[in-house]
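**Student:** Protein chains in written order, with the working numbering: chain A, 66 to 454; chain B, 66 to 454. Don't be surprised by glycine CBs; every beta carbon is placed ideally from N, CA and C.
Protein chains: 2
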Amino acid sequence: MNNLIRIFLLATWMTGGFCPAQSQSQLIEDFMPSLVNQPGKLFSQVNSEGRVRASIVAPQANKVQLDIGGVKYDMVKDVNGVWTGESAPQDAGFHYYQLNIDGASVPDPGTKYFYGAGRWGSGIEIPAIDHDFYALKDVPHGLLSENIYFSKITNSWRRCFVYTPATYEKDAKTRYPVLYLQHGSFEDETGWPTQGKANLILDNLIASQKAVPMIIVMDNGYAYKPLDVANSDKNARPVSVFEEVMIHEIIPMIDTKFRTIADREHRAIAGLSMGANQTMRIIMNHLDKFAYYGGFSGTSNYPGTTEIDPATFLEGKFNDGSAINKQLKVLWLGLGTKEPNPFPGSVGAFRNMLEKQGVKYVYSESKDTAHEWLTWRRALNEFASRLFK
Amino acid sequence: MNNLIRIFLLATWMTGGFCPAQSQSQLIEDFMPSLVNQPGKLFSQVNSEGRVRASIVAPQANKVQLDIGGVKYDMVKDVNGVWTGESAPQDAGFHYYQLNIDGASVPDPGTKYFYGAGRWGSGIEIPAIDHDFYALKDVPHGLLSENIYFSKITNSWRRCFVYTPATYEKDAKTRYPVLYLQHGSFEDETGWPTQGKANLILDNLIASQKAVPMIIVMDNGYAYKPLDVANSDKNARPVSVFEEVMIHEIIPMIDTKFRTIADREHRAIAGLSMGANQTMRIIMNHLDKFAYYGGFSGTSNYPGTTEIDPATFLEGKFNDGSAINKQLKVLWLGLGTKEPNPFPGSVGAFRNMLEKQGVKYVYSESKDTAHEWLTWRRALNEFASRLFK
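1) Which residue from B:THR440, B:HIS313, B:GLY115, B:GLY105 puts its Cα closest to that of B:GLU94?
2) Am I right that A:SER109 and A:ASN102 are in contact with their C-beta atoms under 8 angstroms? What's the rounded C-beta distance?
3) Which value, in whole angstroms, describes the spacing of the CA atoms of B:VAL227 and B:LEU445?
4) To the nearest angstrom, how far is it from the Cα of A:VAL395 to the Cα of B:ASN285?
5) Which one of A:GLY249, A:VAL310, A:MET349 has the shortest CA to CA distance from A:PHE385?
6) Using C-beta distances below 7 angstroms, list every residue in its chain close to A:ALA414, excluding the 5 sequence neighbours before and after it, in chain order.
7) Could you check if B:GLN247 is buried or exposed, using at least 16 other CB atoms within 10 Å of its CB as the buried criterion?
8) Who are the Cβ neighbours of A:LYS262 in its own chain at under 7 angstroms, not counting the five residues just before and after it?
9) On the three-pair Cβ rule with 8 angstroms, is the stretch 153-166 of chain A touching the stretch 131-139 of chain A?
10) If you draw a straight line from the alpha carbon of A:ARG329 to that of A:LEU267, how long is it in whole angstroms?
11) Taking a contact to mean a Cβ-Cβ separation below 8 angstroms, would you say A:LEU400 touches A:TYR358 in this structure?
12) Going by beta-carbon coordinates alone, are A:LEU337 and A:GLY363 separated by less than 8 angstroms?
13) Could you check the C-alpha separation between A:LEU100 and B:ILE389 for me, to the nearest Å?
14) Comparing alpha-carbon positions, which option in B:ASP353, B:GLY175, B:PRO242, B:GLY183 lies nearest B:VAL122?
15) Can you give the Cα-Cα distance for B:SER187 and B:ALA193, rounded to whole angstroms?
16) Which residues, taken in chain order from the stretch 185-211 of chain A, show a beta carbon closer than 8 angstroms to some beta carbon of chain B?
17) Does any residue of chain A have a CB that is nearer than 8 angstroms to the CB of B:PRO124?
18) Given this structure, state the Cα-to-Cα distance separating A:PHE408 from A:ILE218, to the nearest angstrom.
19) Which residue from B:GLU252, B:GLY168, B:GLU309, B:ALA356 puts its Cα closest to that of B:GLY183?
20) Enumerate in chain order the residues of its own chain whose CB-to-CB distance from A:PRO98 is below 6 angstroms, with the five nearest sequence positions on each side excluded.
21) List in chain order: all unbroken beta strand (DSSP E) runs of 3+ residues lying wholly within the stretch 317-397 of chain B.
22) Kindly indicate which three-state DSSP category A:ILE441 falls into: helix, strand or coil?
23) Per DSSP, B:PHE198 is paired with what?
24) Below 8 angstroms, how does it come out for the stretch 162-175 of chain B and the stretch 117-131 of chain B: are there three or more Cβ pairs, yes or no?
25) Is there a C-beta anywhere in chain A that falls below 8 angstroms from the one on B:ALA169?
26) To which residues does DSSP link B:THR176 through a beta bridge?
27) Is it buried or exposed for A:ARG302, if we count other Cβ within 10 angstroms and need 16 for buried?
28) Report yes or no: is there a C-beta of chain A within less than 8 angstroms of the C-beta of B:ALA237?
29) Per DSSP, what kind of secondary structure is A:GLN87 in: helix, strand or coil?
30) Verify the CB distance criterion: does A:GLY286 have a CB-CB separation below 8 angstroms to chain B?
31) Under the three-state reduction of DSSP, which class applies to B:LEU208: helix, strand or coil?
32) Let me make sure I understand the geometry here. Which of B:LEU439, B:SER216, B:ALA276 has the alpha-carbon closest to that of B:PHE453?
33) Check whether the stretch 207-224 of chain B touches the stretch 203-212 of chain A, counting contact only when three or more Cβ pairs, one atom from each stretch, lie closer than 8 angstroms.
34) Report buried or exposed for A:ALA169, applying the criterion of at least 16 other Cβ atoms within 10 angstroms of its Cβ.
35) Please indicate yes or no: does the CB of A:GLY115 lie closer than 7 angstroms to some heavy atom of the ligand HEM?
36) Below 8 angstroms on the Cβ atoms is my guess for A:MET279 versus A:VAL243; work out the distance and round it to an integer in Å.
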């Protein structure tokens, strides 16, 4: 189906709104192919309740299940050997899922594949009421570039994706501010440019003049020094050197290769979950390098939910609230209203500490979303609109 | 495993050379994880004979098969419910494959995924003796950019990948020649930048001064006008408008957005299989636009293998051999020595016609490869080194 027709039909179908959950026997039969299916593939599908329907030919199988949101739903075989089954209603937004065929966990051959939960696998998109802000629209589109580089610190080839706004190619003199934007745990540098839709969100924000044109750099938050085999303790957890890579390799490379404005006033850093934790440490250790921070569903006290002592937390970096207020132009925190523990407690404890210290910050909640990508798309949309102004 | 270590081990292992095929009972037990596995995944694996070993946990399955190269190999279950099996030796290079679990054809959850054979699915890389030319090496790397655009001709959003050489970002004045490079049937615009390794091939060629720095544009060869539902004959095959899209949309867009040298002397066009057929038609219809042609495993007489009449073939475009020789700076044709019919016959008939007409051309064979990506990587490597000189 033509994507534009599909989006139009989805929009029409969504005006009916999402109905409350019903039992499987009362499914609303308005399923449509998922927006992230492979070209020409009819399954998986989504209905107006947000249920997912999967279907696969497996004539000799004994048991086939749809595995989504931590729940496995039994599928049923028809006379042609085609198994079909539906999930309970899912939250709006993007979810990772898989099929289970006689005990084998495999990607659904109908979908495109995404890196998350530590593997390349299936994803599904449940249309959100506010999907317009990340939709592919008739606005000028920036470029999304794969940039390969060798990291001496880790002795490995690494990769980042770099978004340059539509105007970047138009004149060769203009220089741009930069947002460094990080994924969460068990994800990688493909998260933001693929399921995160960072490029489309910025294309739309810039076209409507809600954000200033900026470069976005999306790198991989996993970075370790080469294993010292002779001296290593097999039980030791490797120590992340992502902060070193960011400060000594990524930023200098980006400032050399792209037309950036290379000062702290024109540099922001943000991340989701693990990335929020990492980037908070990075900015607090390098306030000479960045003036904007965004923490999406995460803070550096994670997984702690108890009161934070600013004298010891991050080596006292939050001791002097008024100094931070002078240096940080925006300190932005976001959370989904359906996020599980310890996220609300952890972010809550961090906010309490900020308030105690008199640190100014912005806090925003994503309605009806959990620790998933719609929370973070919304966070980026809000955060990016506050940058470099 | 660290990729550099893995490549080093593979190189060591390859110096033993590939042994002749042996029966499954005499497998050489030097299997190593495939270079295109997902991070941390041990399967699939490849041994020095080029056999593929797949393995998957499927305790309740009745039958599991490895499906590669048009052959299904039975896998065997151990006491832990883990199925393992090996293929016969495969040609060096990249192959698409899948697993079959109780009749369900699914991607192997251990590999990265590639678009080909009309689906996103598993791939495997059998190391080639000449793998160095497409290896990720310590040379300056260009950028690979995803460029989204709206096509009025097809009324759809389309995408191309654009390779810009490492020097492109260094000074804002230099302009570059452009190679338009097309995939084959049931593939898409991701083929050349992913399994085709076009960016790495050019990075290496440019670094060793075997090719001049150039831009490469890799678009999607499938392009159709919106379906006229009211007037359409359901049995009619849609007519490709890729040539129109290339001439009226892609080239003007690239010449506007990138620093190209926008004349025929600095524009090349090439493709593999279906893409060779398409691009040959495009260049012969638009000799004012291109001066270089590469046909990899394909020509426009495909699937014909009989003698070509130049008076009627492509509306007589090859009638005047000496005029073509003045206009085409390079006409390059390539074929793998193991390609099946009708490719050798079809390319052979085309070559005979060229010779009869006195058209100068270069012909090159890829040793021991079939209608697959190692043939085309080698073709690009040779063809690109002849361009714009």
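**Tutor:** According to the structure shown:
1) For the purposes of this step, residue 94 of chain B is taken as residue 29 along the second sequence, with counting starting at 1. Nearest C-alpha to B:GLU94: B:GLY115.
2) Here residue 109 of chain A corresponds to residue number 44 of the first sequence, with the count starting at 1. Here residue 102 of chain A corresponds to residue number 37 of the first sequence, with the count starting at 1. That belief holds up - the Cβ atoms of A:SER109 and A:ASN102 are roughly 7 angstroms apart, short of 8 angstroms.
3) In the second sequence, counting from the first residue as 1, residue 227 of chain B sits at position 162. In the second sequence, counting from the first residue as 1, residue 445 of chain B sits at position 380. The alpha-carbon atoms of B:VAL227 and B:LEU445 are separated by roughly 16 angstroms.
4) Counted from its first residue, the first sequence places residue 395 of chain A at position 330. Counted from its first residue, the second sequence places residue 285 of chain B at position 220. Going from the Cα of A:VAL395 to the Cα of B:ASN285 covers about 42 angstroms.
5) Locating residue 385 of chain A in the first sequence gives position 320, counting from the first residue. Rather than Phe, the amino acid found at residue 385 of chain A in this sequence is Asp. Cα-wise, what sits closest to A:ASP385 is A:MET349.
6) What you label residue 414 of chain A is simply residue 349 of the first sequence in a count that begins at 1. Correct list, in chain order: ASN366, GLY369, THR370, THR371, GLU372, ILE373.
7) The residue labelled residue 247 of chain B in the question sits at position 182 within the second sequence. Result: buried.
8) Within the first sequence, the letter at position 197 stands for residue 262 of chain A. Around A:LYS262: TYR199, ARG442.
9) yes
10) On the first sequence, residue 329 of chain A is found 264 positions in, with the first residue counted as 1. On the first sequence, residue 267 of chain A is found 202 positions in, with the first residue counted as 1. Going from the Cα of A:ARG329 to the Cα of A:LEU267 covers about 21 angstroms.
11) The count along the first sequence starts at 1 and reaches residue 400 of chain A at position 335. The count along the first sequence starts at 1 and reaches residue 358 of chain A at position 293. Taking 8 angstroms as the Cβ cut-off, A:LEU400 and A:TYR358 do not qualify as a contacting pair.
12) Within the first sequence, residue 337 of chain A is the residue found at index 272, counting from 1. Within the first sequence, residue 363 of chain A is the residue found at index 298, counting from 1. Closer than 8 angstroms, so yes.
13) On the first sequence, position 35 is the one that residue 100 of chain A refers to. On the second sequence, position 324 is the one that residue 389 of chain B refers to. Their backbone Cα atoms lie some 47 angstroms apart in a straight line.
14) Numbered from 1 along the second sequence, position 57 holds the residue referred to as residue 122 of chain B. The residue from B:ASP353, B:GLY175, B:PRO242, B:GLY183 with its alpha-carbon nearest to that of B:VAL122 is B:GLY175.
15) To locate residue 187 of chain B, count along the second sequence from 1; it is residue 122. To locate residue 193 of chain B, count along the second sequence from 1; it is residue 128. Their backbone Cα atoms lie some 19 angstroms apart in a straight line.
16) TRP185, GLY186, LEU201, ASP203, HIS206, LEU208, LEU209, SER210, GLU211
17) By 1-based counting over the second sequence, the position of residue 124 of chain B is 59. At least one CB atom of chain A sits nearer than 8 angstroms to the CB of B:PRO124.
18) Within the first sequence, residue 408 of chain A is the residue found at index 343, counting from 1. Within the first sequence, residue 218 of chain A is the residue found at index 153, counting from 1. Rounded to whole angstroms, A:PHE408 to A:ILE218 spans 32 angstroms at the Cα level.
19) Within the second sequence, numbered from 1, the residue matching residue 183 of chain B stands at position 118. When only C-alpha atoms are compared, the closest one is B:GLU252.
20) Numbered from its first residue, the first sequence carries residue 98 of chain A at position 33. Excluding positions up to five away in sequence, the list reads LEU107, GLN110.
21) 332-337, 357-361
22) In the first sequence, residue 441 of chain A corresponds to position 376, counting from 1. In the sequence as displayed, the identity of residue 441 of chain A is Trp instead of Ile. It is helical.
23) On the second sequence, residue 198 of chain B is found 133 positions in, with the first residue counted as 1. B:PHE198 pairs with nothing; no bridge assigned.
24) yes
25) Within the second sequence, residue 169 of chain B is the residue found at index 104, counting from 1. For B:ALA169, at least one C-beta of chain A is nearer than 8 angstroms to its own C-beta.
26) The sequence position of residue 176 of chain B within the second sequence is 111, counting from 1. In the DSSP output, where bridge partners are listed per residue, B:THR176 has B:ASN102.
27) Here the question's residue 302 of chain A lines up with position 237 in the first sequence. Exposed is the call here.
28) As a working mapping, residue 237 of chain B is identified with position 172 in the second sequence. Interface residue, yes.
29) In the first sequence, the residue the question calls residue 87 of chain A occupies position 22. For A:GLN87, the predicted structure reports a pLDDT of 43, less than 50, and the residue's modelled location is therefore unreliable. A value from the coordinates is still provided. Looking at A:GLN87 - three-state DSSP - the assignment turns out to be coil, as it is neither helix nor strand.
30) Within the first sequence, numbered from 1, the residue matching residue 286 of chain A stands at position 221. Closer than 8 angstroms: no.
31) Here residue 208 of chain B corresponds to residue number 143 of the second sequence, with the count starting at 1. Reduced to three states, the DSSP call for B:LEU208 is strand.
32) For the purposes of this step, residue 453 of chain B is taken as the residue at position 388 of the second sequence. Answer by Cα proximity: B:ALA276.
33) yes
34) For the purposes of this step, residue 169 of chain A is taken as residue 104 along the first sequence, with counting starting at 1. Classification of A:ALA169: buried, given that the 10 Å Cβ count is 16 or more.
35) Questions concerning the ligand HEM fall outside what the structure shown contains, since it holds no ligand whatsoever.
36) In the first sequence, the residue the question calls residue 279 of chain A occupies position 214. In the first sequence, the residue the question calls residue 243 of chain A occupies position 178. Contact between A:MET279 and A:VAL243 holds: their C-beta atoms lie close to 7 angstroms from each other, under 8 angstroms.
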